[in-house]
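Only one structure is covered here, and it is reproduced in the block below.
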Amino acid sequence: MSKLEIKDLQVQVATEDGPKQILKGVTLTIADGETHAIMGPNGSGKSTLAYSVAGHPKYEVTGGSVLLDGEEVLEMSVDERARAGLFLAMQYPVEVPGVSVANFLRTAKTAIDGEAPKLRTWVKDVNKALGDLNLDATFSHRSVNEGFSGGEKKRHEIAQLELLDPKVAILDETDSGLDIDALKVVSEGVNRFRGQPGKGVLLITHYTRILRYIQPDHVHVFVDGRVAESGGAELADELEANGYDKYLVAAR
Amino acid sequence: MATLVTEALETVRNDHVESHLHTTPTFDLAAHPTPSGREEIWRFTPLRRLGSLLDDVAPGGRIELQADVPAGVAWSTVTADEAAALGGIAPLDRLGALAALHAPQVGVLDIPADTELTELIRVRAIGAGTADAVAEHTVIRVGRHASARLLLENSGSAHYNEFVQVIVEDGARVDLVTINDWADDAVHTGQTNILVGRDAEVRHFEVTIGGDVVRTSTNVAYSGTGGAFEGFGLYFADAGQHIEHRLFVDHNQPKTSSNVVYKGALQGERAHTVWIGNILIRKVAEGIETYEENRNLILSDGAQADSVPNLEIETGEIAGAGHASATARFDDEQLFYLRSRGISEKEAQRLVVHGFFDDLIRRIGIAEVEDKLRVTVEAELAKNVLREPGPGA
């Protein structure tokens, strides 16, 4: 079972001119096994939602609640959230010089599971996960995200998703900067993940392109720090045809 | 989080170079007066903590040297006059001149031409106390087309001033690994002057962990075209320690190269590190390439890292010249990324520090040394980053 409930979430960031509210009351429930897409123009607060749920220190939660299977996520540290079953695939994964992908993945898996993975099956699992994303065996010897191409970074994020196997995955603009072949490979990875019973996905994107490969159950239009409209997959088609203008006008 | 990039001095001139970068090497002590502490090359050094090392008195102490020298390599002692006849770069500051003047004799390690050594040459200096100061002068000569790896390990307690000349002849390749793993009360000043021959390749690794005050200067010049120098440094300063590494690469020949990377971590009250990277590109040195970099990771309050890259360029006809310097605390974004994968904050910090140093450690190529350094980094982390809060915390 996995259920992520975001209720009236309000978030601000510090700026030179004082605190600025970015999320103005976001309410969203991802029920067991559902995939939700959040679409919105640049600057609407989509990424803030992703990072706030993951617990990035830059974002200050001023109100609301985020429950994962009934547990209050906002009271957990960043790593506790991950161990509770949340995963964030980042738009801009961070370089960690000198730390190999292999060491990083093993350390993360050990932390998530509370015990070291069995060496023999683990190496096989890692090689399979990397191979499935068209990352060759030498990839695991490289430093985390250092010198990776944009596509390699995104594929590495999805390899982590499959290996760490969370309950709910938030994918922040995973499609951005990918060519069509890489987009297919990444989408296949996400589909393998959500093909398992009970996995939740929150897919944040600016474009409808990725939704051709990953069919959402629900689509939300995100404008000015809140959900402006919700619907089924057909809402994405409408956005594709008409853009965000009507929502932006309404938000003014 | 702020990253401070130290402003570097860059000057382009066409004729004579007159600056502190351009000390004339000489054994003549009179040319190296007692410093007041305000001079550019002394201003970071706590002179009082050097005690008698800057005084012109013969120190009475000895340090035990143990050398594992493979067959084919000669380890002998000569007089100062005989040593001077071997060539090499003369002392560039008072400490080097004093070490050469007062060393009881000069140890010479001679690797004959065309010798290709697979075995490690190993020299251990083991200090027995700080009561008497020690002066040592060593010459390492790597003959034409020879190749060798040397491991120089300093340990124990000492009040130690050493002068090392490394003469690398044409086409030779040498890895020189120096580890300063002193006891807490040791005071060590060292000058290592490396003359790189035509098309020779030198890699120097310098690791400083222990000691009260450690001040080393590494000076590099070239005796022919095409020589390549790589200088890597790793240091970890704890409370009260002063660790100072100075580098001077004199690009005095065309088509030579230098690549310098020093990385340090600091923790504890008044932990102080200094890194000075001086590069001089003379007018004659066309087609050279140089890069130098210093990174410091500050792990706790009260520590200070000084980092000064200097680049003096007399010719624009070069392949490249660059430098970078950054001193910072943990990167919040790195820690967030690791923690978002379930890794605890301490474990994330541990990974970042190991990664920071491993970039250099894995280049050493001596498994025993690499393993030891990883254990050392772990032990240093246990003092601060990984320390469990006490019952009262």
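Protein chains in written order, with our numbering: chain W, 25 to 276; chain U, 4 to 396. For each residue, glycine too, the CB sits at the ideal point set by N, CA and C.
Under 9 Å by beta carbon: chain W residues contacting residue i
i: Val263/U; result: Residues of chain W passing the Cβ test: none, with the nearest at roughly 17 Å.
i: Glu383/U; result: The contacting residues do not exist; Glu383/U stays about 16 Å from chain W at best.
i: Phe2/U; result: Nothing about residue 2/U can be read from this structure; chain U reaches only from 4 to 396.
Per-residue contacts from residue i into chain W (C-beta, under 8 Å)
i: Ser347/U; result: Asp103, Ala135
i: Glu350/U; result: Thr131, Ala135
Residue(s) in a DSSP beta bridge with residue i
i: Gln10/W; result: Absent from the model: residue 10/W. The displayed extent of chain W is 25 to 276, so no value can be given.
i: Ile279/U; result: Arg249/U, Val311/U
i: Met313/W; result: Any answer about residue 313/W is impossible in this case: the structure gives chain W only from 25 up to 276.
i: Ala128/U; result: Leu68/U, Asn157/U
i: Asn183/U; result: Asn157/U, Thr211/U
i: Asp160/W; result: Asp160/W is not bridged to any residue.
i: Ser150/U; result: Glu119/U, Arg176/U
i: Ile192/W; result: The question names Ile, but residue 192/W is Val in the sequence shown. According to DSSP, which records beta bridges pairwise, Val192/W is partnered with Leu110/W, Gly224/W.
i: Tyr265/U; result: Gly236/U, Asn297/U
i: Lys48/W; result: Gln34/W
i: Glu84/W; result: Gln36/W
Option nearest residue i by Cα separation, candidates the options
i: Glu247/U; options: Ile212/U, Gly110/U, Gly227/U, Leu354/U; result: Ile212/U
i: Glu122/U; options: Ala86/U, Ala149/U, Ile321/U; result: Ala149/U
i: Glu139/U; options: Thr80/U, Val277/U, Phe333/U, Pro38/U; result: Thr80/U
i: Leu300/U; options: Ala274/U, Asn313/U, Asp59/U, Arg249/U; result: Ala274/U
i: Ile30/W; options: Lys208/W, Glu264/W, Ala38/W, His60/W; result: His60/W
i: Ala33/U; options: Leu101/U, Ala88/U, Gln108/U, Gly54/U; result: Leu101/U
i: Phe251/U; options: Gln69/U, Asn262/U, Arg353/U; result: Asn262/U
i: Leu157/W; options: Ala206/W, Thr145/W, Ala113/W, Leu28/W; result: Ala206/W
i: Ala351/U; options: His180/W, Thr134/W, Gly175/W, Thr162/W; result: Thr134/W
i: Ala265/W; options: Arg250/W, Gln239/W, Arg233/W; result: Arg233/W
i: Gly159/U; options: Glu172/U, His191/U, Asp173/U; result: His191/U
i: Ala324/U; options: Arg285/U, Gly64/U, Arg298/U; result: Arg285/U
i: Ala268/U; options: Pro28/U, Arg152/U, Gln244/U, Ala106/U; result: Gln244/U
i: Val225/W; options: Leu92/W, Gly64/W, Lys208/W, Leu259/W; result: Leu92/W
Per-residue contacts from residue i into chain U (C-beta, under 9 Å)
i: Leu98/W; result: Here the premise fails: no neighbours, minimum Cβ distance about 15 Å.
i: Thr72/W; result: Chain U residues near Thr72/W: none, gap ~14 Å exceeds 9 Å.
i: Ala132/W; result: Leu341, Arg344, Gly345, Ile346
i: Leu188/W; result: Arg344, Gly345
i: Leu309/W; result: Residue numbering for chain W in the displayed model covers 25 to 276; residue 309/W lies beyond these limits and cannot be assessed.
7 Å Cβ cutoff met for residue i and residue j
i: Glu292/U; j: Gly280/U; result: no
i: Gly130/U; j: Ala161/U; result: yes
i: Asp241/W; j: Glu58/W; result: yes
i: Gly214/U; j: Ala189/U; result: yes
i: Ala242/U; j: Gly271/U; result: yes
i: Glu165/U; j: Gly193/U; result: yes
i: Ala183/W; j: Ala153/W; result: yes
i: Glu84/W; j: Gln36/W; result: yes
i: Leu195/W; j: Leu227/W; result: yes
i: Glu289/U; j: Thr318/U; result: yes
i: Lys177/W; j: Val210/W; result: no
i: Leu40/U; j: Leu50/U; result: The residue asked about is misnamed: residue 40/U is Gly in this sequence, not Leu. Yes; because the gap between Cβ atoms is below 7 Å, this pair is in contact.
i: Arg127/U; j: Gln168/U; result: no
i: Val356/U; j: Leu384/U; result: yes
i: Arg107/W; j: Ile136/W; result: yes
i: Val205/U; j: Val177/U; result: yes
i: Asn255/U; j: Leu95/U; result: no
i: Gly219/W; j: Asp56/W; result: no
i: Glu315/U; j: Leu283/U; result: yes
i: His105/U; j: Pro36/U; result: no
i: Ala3/W; j: Glu212/W; result: Because chain W in this structure spans residues 25 to 276, residue 3/W falls outside the shown range and cannot be described.
Chain-ordered neighbours of residue i on chain W, where CB pairs are closer than 7 Å
i: Gln337/U; result: Val118, Val120
i: Val355/U; result: Val120
i: Asp361/U; result: Gly122
i: Gly325/U; result: The contacting residues do not exist; Gly325/U stays about 18 Å from chain W at best.
Closer than 8 Å at the beta carbon, the chain U residues around residue i
i: Pro81/W; result: Asp335, Phe339
i: Arg107/W; result: Gly345
i: Ser76/W; result: Here the premise fails: no neighbours, minimum Cβ distance about 12 Å.
i: Leu2/W; result: Residue 2/W cannot be examined here, being either before or after the span of chain W that is shown, 25 to 276.
i: Ser173/W; result: Those do not exist, as Ser173/W stays about 18 Å from chain U at its closest Cβ, beyond 8 Å.
Proximal residues of chain U, C-beta to C-beta of residue i below 7 Å
i: Gln184/W; result: Arg344
i: Leu112/W; result: Ser343
Task: At least 3 beta-carbon pairs within less than 8 Å: the stretch 113–130 of chain W vs the stretch 159–167 of chain W - done: yes
Open item on the list: Taking 8 Å as the cut-off, does the stretch 64–81 of chain U touch the stretch 108–116 of chain U (at least 3 CB pairs, one atom from each stretch)?
Closed with: yes
Task: Cβ contact check for the stretch 96–109 of chain W and the stretch 329–345 of chain U: 3 or more pairs under 8 Å - done: yes
TODO: Count the CB pairs spanning the stretch 77–88 of chain W and the stretch 261–269 of chain W that are closer than 8 Å, and state whether there are at least three.
DONE: no
Task: Any 3 or more C-beta pairs closer than 8 Å across the stretch 332–341 of chain U and the stretch 304–311 of chain U - done: no
Open item on the list: Using 8 Å as the cut-off, can you tell me whether the stretch 141–148 of chain U makes contact with the stretch 104–113 of chain U, which would need three or more C-beta pairs spanning the two stretches below that distance?
Closed with: yes
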